[in-house]
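Visitor: Chain order of the listed sequences is A and B. For the first sequence, counting from 1, position 127 maps to 127 in the working numbering; every step adds exactly one. Offset between the second sequence (1-based) and the working numbering: plus 1000.
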Amino acid sequence: MTLSPAPPHPKDEAVRVSGLSRRFGHLLAVDSVDFEIGRTSIFGLLGPNGSGKSTIIRMLCGLLRPTSGEARVLGIDVARDPESVRRRIGYMSQRFSLYDELTGLENLTFFGMAYGLKGGALARRRGEVIEIVGMKGYETRRAGALSGGWKQRLALACAILHEPEILFLDEPTAGIDPVARRSLWNLLFEMAAKGTTLLVTTHYMDEAERCDHLAYLYLSKLLAWGSPTELKAREDVTPKGMKRVEIRHKDVVGLLRLLQGSEGVREATIFGENVHALVDDGVDLALPEGAEARTVTPSLEDVFVTLTRRASGV
Amino acid sequence: MFRGLSGIVYKELLQARRDPATLVLALAIPVIQLTIFGFAIHTEIRDIQAVVVDRANVRVGREFLQALEATDTFRIVGHAADREEAMALLREGRVQVAVFLPDDLAERLLARETAAVQFLIDGSDSNMAMQAQAAAMGTAVSFSARFGSVAPPPIEARPRLLYNPDGRSEAFFVPGLLGIILQLVTTTLTAFAIVRERERGTLEQLMVTPVSRLALTLGKILPSILVGAAATVLALLAMVHVFEVGIRGGLGLLAALTGLFLFTSLAIGLLISAIARSQLQALMMTLLLMLPSVLLSGFMFPRDAMPTPIRELTWLIPATYFIEIMRGVVLRAASARELLRFIAPLFALGVAFYAVAALRFRKYVA
Chain A
1 MTLSPAPPHP
11 KDEAVRVSGL
21 SRRFGHLLAV
31 DSVDFEIGRT
41 SIFGLLGPNG
51 SGKSTIIRML
61 CGLLRPTSGE
71 ARVLGIDVAR
81 DPESVRRRIG
91 YMSQRFSLYD
101 ELTGLENLTF
111 FGMAYGLKGG
121 ALARRRGEVI
131 EIVGMKGYET
141 RRAGALSGGW
151 KQRLALACAI
161 LHEPEILFLD
171 EPTAGIDPVA
181 RRSLWNLLFE
191 MAAKGTTLLV
201 TTHYMDEAER
211 CDHLAYLYLS
221 KLLAWGSPTE
231 LKAREDVTPK
241 GMKRVEIRHK
251 DVVGLLRLLQ
261 GSEGVREATI
271 FGENVHALVD
281 DGVDLALPEG
291 AEARTVTPSL
301 EDVFVTLTRR
311 ASGV
Chain B
1001 MFRGLSGIVY
1011 KELLQARRDP
1021 ATLVLALAIP
1031 VIQLTIFGFA
1041 IHTEIRDIQA
1051 VVVDRANVRV
1061 GREFLQALEA
1071 TDTFRIVGHA
1081 ADREEAMALL
1091 REGRVQVAVF
1101 LPDDLAERLL
1111 ARETAAVQFL
1121 IDGSDSNMAM
1131 QAQAAAMGTA
1141 VSFSARFGSV
1151 APPPIEARPR
1161 LLYNPDGRSE
1171 AFFVPGLLGI
1181 ILQLVTTTLT
1191 AFAIVRERER
1201 GTLEQLMVTP
1211 VSRLALTLGK
1221 ILPSILVGAA
1231 ATVLALLAMV
1241 HVFEVGIRGG
1251 LGLLAALTGL
1261 FLFTSLAIGL
1271 LISAIARSQL
1281 QALMMTLLLM
1291 LPSVLLSGFM
1301 FPRDAMPTPI
1311 RELTWLIPAT
1321 YFIEIMRGVV
1331 LRAASARELL
1341 RFIAPLFALG
1351 VAFYAVAALR
1361 FRKYVA
């Protein structure tokens, strides 16, 4: 290992991960993952539970050392110099990890001090973040007494006090109601618009649609990464000679059974009131009465379902 | 009334099995402690350490000393040249009894006069002092009987209690109790302070801030030190004013040495918090350490009465040193120099605990 300064890096790169792996005993939690995140984007890290999302985030924040490979954040090798990285990033963990017996304001003061903010600067910044997350009037309540959505806002406020260049959010919307989820996302968009790079893990597809770039993890491996448009256009998702068809019918379960037994149907999945099917070109589907079919571009869920099926060999 | 009981028991048993560390602690604590304490604790006093000043050095004197040792109550650990030296040994806490044979022992016996053997007894432990006193007088009586029934008796024991002339048990227990309380408060506070953060997930949030490990550790300890110091002052006030056990030694020395003990107790707390994964485990470990500190440190039962291997083990317990120090400063007005053999190892133990805790911490986080 040499101690020479890090090589110069392109200015627009916030995170670069190459060959990143982490092993816990016999379990390979992250298996040689590569991706890059440009500055000021919302990067979504998707994947089922246990696919390695949190482990990657924790390595990027310097909480865990990689077993092999490298994680660079803002051009700095995190394993080598976690201290310099910590000043410039924010982290919001999966579970609420603030002090329940302190009020929102006291939590903010504490984390501000932990980041070296003092006196007037601390007070000003505290006011700003309360404004940003919109929790004015709630800041004097004990954190433990806040509901899930407000807790998340407070956690976000604590994570952005020191104006981080990158914000890591590990399932920020897990366990909060849809309205709170939507308003949290609006906050994230505003922050991205103002120049913060965000890395968000999620398993909600609607949240994935909101990201500029996505990486999809499955069984510790990175299956795909790119913009949603790029992912939907992937040839291994909709191979040549096939098309995605959306079929609307009142009995979706019956329709699914019918399609699964039909010639030329490669895949069929229920999406609410519709069935999405991957069908060979030129096949004439024998559809029941009242069913309407139309060709569509694949949704992200189609993309991930297809990629997952392929990866697990189904 | 008992609906669902079996289900709850089933779940509790499964949970206990999934947390083997706590289970082992719960099962091992009673067995280990029972074995050690069962062997270690004897309330009858044996082997009280004694020093002898015997300038005459005549045969009858040596025979008397043999008779003293034959009672098993005393063990003569050395000879001192004069009174000064013997007193210093008493103040240092190396011996609990000093035996002075008269210079004219042989002449007096020949002249059929009574020879008085003086016993200076460290009265800190009133129970031990009483037994020493009784054994000294008993030995003198039975030894005199060897000369036939003559009056006045040829040999007479003149015991005198030092430091605690009234033989009050408060003087013995209260200074030691102070050490035990101090350890309980500071160790528990420190052990829980960090384990609680780990259990709640706030430790991880702290770890992503630029707060250094040292700042984190010190920041967690400082409040415990304040609480510990306040507890000490209150306990000392109670000792002096409620129990009327006056402090004979230097207050500055007492403060400094209490600080040293706080340092060591905090180190133990840190070590526990570096090992324990949950608050329950931290509690078990605190208890595991607390019992020997109470039972084996000499706080309740004299260490001299313990079997040798266990007596040697008690030197690993910080409270052992601090209780010796407290009794030395409070009751015997001992100086730092006289207590050095307790101060140095106490400091070394503290440093060792810190080192192990620091190593464990580094492994734990990142």
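No residue lacks a Cβ here, since even glycine has one placed at the ideal position from N, Cα and C.
Mind checking whether the beta-carbon of A1111 (chain B) lies closer than 7 Å to any heavy atom of the ligand HEM?
Guide: Ligands are entirely absent from the displayed structure, and the ligand HEM is therefore not among its contents.
Visitor: Of the choices B:Q1066, B:A1358, B:L1110, whose alpha-carbon is the least far from that of P1213 (chain B)?
Guide: Mapped onto the second sequence, residue 1213 (chain B) falls at position 213. It is Arg, not Pro, that sits at residue 1213 (chain B) in the sequence shown. Ranking B:Q1066, B:A1358, B:L1110 by Cα distance to R1213 (chain B) puts B:A1358 first.
Visitor: Considering only their Cβ atoms, is the gap separating V1174 (chain B) from R1248 (chain B) smaller than 8 Å?
Guide: Locating residue 1248 (chain B) in the second sequence gives position 248, counting from the first residue. Locating residue 1174 (chain B) in the second sequence gives position 174, counting from the first residue. Going by C-beta atoms, R1248 (chain B) is not nearer than 8 Å to V1174 (chain B).
Visitor: With 8 Å set as the bound, which would you pick, yes or no: does the beta-carbon of P1020 (chain B) sit closer than that to a beta-carbon of chain A?
Guide: Position 20 of the second sequence, counted from the start, is the residue given in the question as residue 1020 (chain B). Cβ-Cβ to chain A under 8 Å: no for P1020 (chain B).
Visitor: Between which two residues does the alpha helix (DSSP H) containing R126 (chain A) stretch?
Guide: Along the first sequence, read from residue 1 onward, the residue named residue 126 (chain A) stands at position 126. R126 (chain A) -> alpha helix (DSSP H) spans 119 to 133.
Visitor: Do you know whose CA, among A:P178, A:L256, A:Y99, lies nearest L146 (chain A)'s CA?
Guide: For the purposes of this step, residue 146 (chain A) is identified with residue 146 of the first sequence, where counting begins at 1. Of the listed residues, the one whose Cα sits closest to L146 (chain A) is A:Y99.
Visitor: Going straight from the alpha carbon of A1355 (chain B) to that of S1265 (chain B), what length do you get?
Guide: As a position in the second sequence, residue 1355 (chain B) is number 355, starting the count at 1. As a position in the second sequence, residue 1265 (chain B) is number 265, starting the count at 1. About 14 Å.
Visitor: Under a CB-based cut-off of 8 Å, is Y1364 (chain B) close to chain A?
Guide: Taking the second sequence and counting its residues from 1, one reaches residue 1364 (chain B) at position 364. Summary for Y1364 (chain B): the model assigns pLDDT 49, below 50, so the residue's position carries little reliability; its value from the coordinates is reported in the next sentence. No, no contact with chain A.
Visitor: Judging by CA-CA distance, which residue of A:L259, A:G104, A:I176 is the nearest neighbour of A155 (chain A)?
Guide: What you label residue 155 (chain A) is simply residue 155 of the first sequence in a count that begins at 1. Nearest of A:L259, A:G104, A:I176 to A155 (chain A), Cα basis: A:G104.
Visitor: Does V73 (chain A) come out as helix, strand or coil in the three-state DSSP assignment?
Guide: The residue labelled residue 73 (chain A) in the question sits at position 73 within the first sequence. Reduced to three states, the DSSP call for V73 (chain A) is strand.
Visitor: Are the Cβ atoms of T201 (chain A) and L45 (chain A) separated by less than 8 Å?
Guide: By 1-based counting over the first sequence, the position of residue 201 (chain A) is 201. By 1-based counting over the first sequence, the position of residue 45 (chain A) is 45. Going by C-beta atoms, T201 (chain A) is nearer than 8 Å to L45 (chain A).
Visitor: Work out the CA separation of E70 (chain A) and I132 (chain A) for me, nearest whole Å.
Guide: For the purposes of this step, residue 132 (chain A) is identified with residue 132 of the first sequence, where counting begins at 1. For the purposes of this step, residue 70 (chain A) is identified with residue 70 of the first sequence, where counting begins at 1. Cα to Cα, the separation comes out at about 34 Å.
Visitor: Please report the residue range of the beta strand (DSSP E) in which T201 (chain A) lies.
Guide: Here residue 201 (chain A) is taken as the residue at index 201 of the first sequence, counted from 1. It spans 197 to 202 - the beta strand (DSSP E) in which T201 (chain A) sits, taken as one unbroken run.
Visitor: When you compare the CB positions of G1179 (chain B) and F1322 (chain B), do they come within less than 8 Å of one another, or not?
Guide: The sequence position of residue 1179 (chain B) within the second sequence is 179, counting from 1. The sequence position of residue 1322 (chain B) within the second sequence is 322, counting from 1. Result yes, Cβ atoms of G1179 (chain B) and F1322 (chain B) sit closer than 8 Å.
Visitor: Please state whether the Cβ-Cβ distance between V1245 (chain B) and E1324 (chain B) is less than 8 Å.
Guide: The count along the second sequence starts at 1 and reaches residue 1245 (chain B) at position 245. The count along the second sequence starts at 1 and reaches residue 1324 (chain B) at position 324. Cβ distance not < 8 Å, so V1245 (chain B) and E1324 (chain B) don't count as in contact.
Visitor: Closer than 8 Å by beta-carbon distance: list the chain B residues that pair up with L98 (chain A), in chain order.
Guide: To locate residue 98 (chain A), count along the first sequence from 1; it is residue 98. The answer, in chain order, is T1202, Q1205.
Visitor: With burial defined as no fewer than 16 other Cβ atoms inside 10 Å of the residue's Cβ, what is the status of N107 (chain A): buried or exposed?
Guide: What you label residue 107 (chain A) is simply residue 107 of the first sequence in a count that begins at 1. So N107 (chain A) ends up on the buried side.
Visitor: Closest by CA to L1161 (chain B), which one among B:L1313, B:A1129, B:R1303, B:A1021?
Guide: Locating residue 1161 (chain B) in the second sequence gives position 161, counting from the first residue. The option with the nearest alpha carbon to L1161 (chain B) is B:A1129.
Visitor: Have a look at A:V15, A:K240, A:S299, A:G52 and flag the residue whose alpha-carbon is nearest the alpha-carbon of T229 (chain A).
Guide: Walking along the first sequence from the start, residue 229 (chain A) turns up at place 229. With distances taken between Cα atoms, T229 (chain A) lies closest to A:S299.
Visitor: Using a Cβ-Cβ cut-off of 8 Å, state whether T1209 (chain B) counts as contacting chain A.
Guide: The residue labelled residue 1209 (chain B) in the question sits at position 209 within the second sequence. Yes, T1209 (chain B) counts as interfacial toward chain A.
Visitor: Rounded C-beta distance between S68 (chain A) and S18 (chain A)? I'm assuming under 8 Å.
Guide: Here residue 68 (chain A) refers to the residue found at position 68 of the first sequence. Here residue 18 (chain A) refers to the residue found at position 18 of the first sequence. Their Cβ separation, rounded to whole angstroms, is 10 Å, which puts S68 (chain A) and S18 (chain A) out of contact at 8 Å.
Visitor: Could you tell me the distance, in whole angstroms, from the CA atom of A29 (chain A) to the CA atom of G1004 (chain B)?
Guide: Counted from its first residue, the first sequence places residue 29 (chain A) at position 29. Counted from its first residue, the second sequence places residue 1004 (chain B) at position 4. Spanning the two alpha carbons is a distance of roughly 39 Å.
Visitor: Taking a contact to mean a Cβ-Cβ separation below 8 Å, would you say L1251 (chain B) touches G1228 (chain B) in this structure?
Guide: Here residue 1251 (chain B) refers to the residue found at position 251 when the second sequence is read from its first residue. Here residue 1228 (chain B) refers to the residue found at position 228 when the second sequence is read from its first residue. Cβ atoms of L1251 (chain B) and G1228 (chain B): not closer than 8 Å.
Visitor: Kindly provide the ranges of any beta strand (DSSP E) runs that are 3 or more residues long and lie completely inside the segment 25 to 66 of chain A, ordered along the chain.
Guide: Counting whole runs of 3 or more residues, the segment 25 to 66 of chain A contains the beta strand (DSSP E) stretches 27 to 38, 42 to 46.
Visitor: Which value, in whole angstroms, describes the spacing of the CA atoms of H9 (chain A) and V1211 (chain B)?
Guide: Residue mapping note: residue 9 (chain A) aligns to position 9 of the first sequence, counting from 1. Residue mapping note: residue 1211 (chain B) aligns to position 211 of the second sequence, counting from 1. Residue placement at H9 (chain A) is poorly supported in this model, since its pLDDT is 49, which falls under 50; the coordinates still yield a value, given next. Distance between the alpha carbons of H9 (chain A) and V1211 (chain B): 27 Å.
Visitor: Which term fits F111 (chain A), buried or exposed, when burial requires 16 or more other beta carbons within 10 angstroms of its beta carbon?
Guide: To locate residue 111 (chain A), count along the first sequence from 1; it is residue 111. When all chains shown are included, F111 (chain A) counts as buried.
Visitor: In its own chain, which residues sit with a C-beta less than 6 Å from the C-beta of E139 (chain A), not counting the 5 before and 5 after it?
Guide: By 1-based counting over the first sequence, the position of residue 139 (chain A) is 139. Answer for E139 (chain A): G104, L105, I130, listed in chain order.
Visitor: From what residue to what residue does the beta strand (DSSP E) around V146 (chain A) run?
Guide: Taking the first residue of the first sequence as position 1, residue 146 (chain A) is located at position 146. Note on identity: in this sequence residue 146 (chain A) is Leu, with Val being the wrong assignment. First-last for L146 (chain A): undefined, no H or E at that position.
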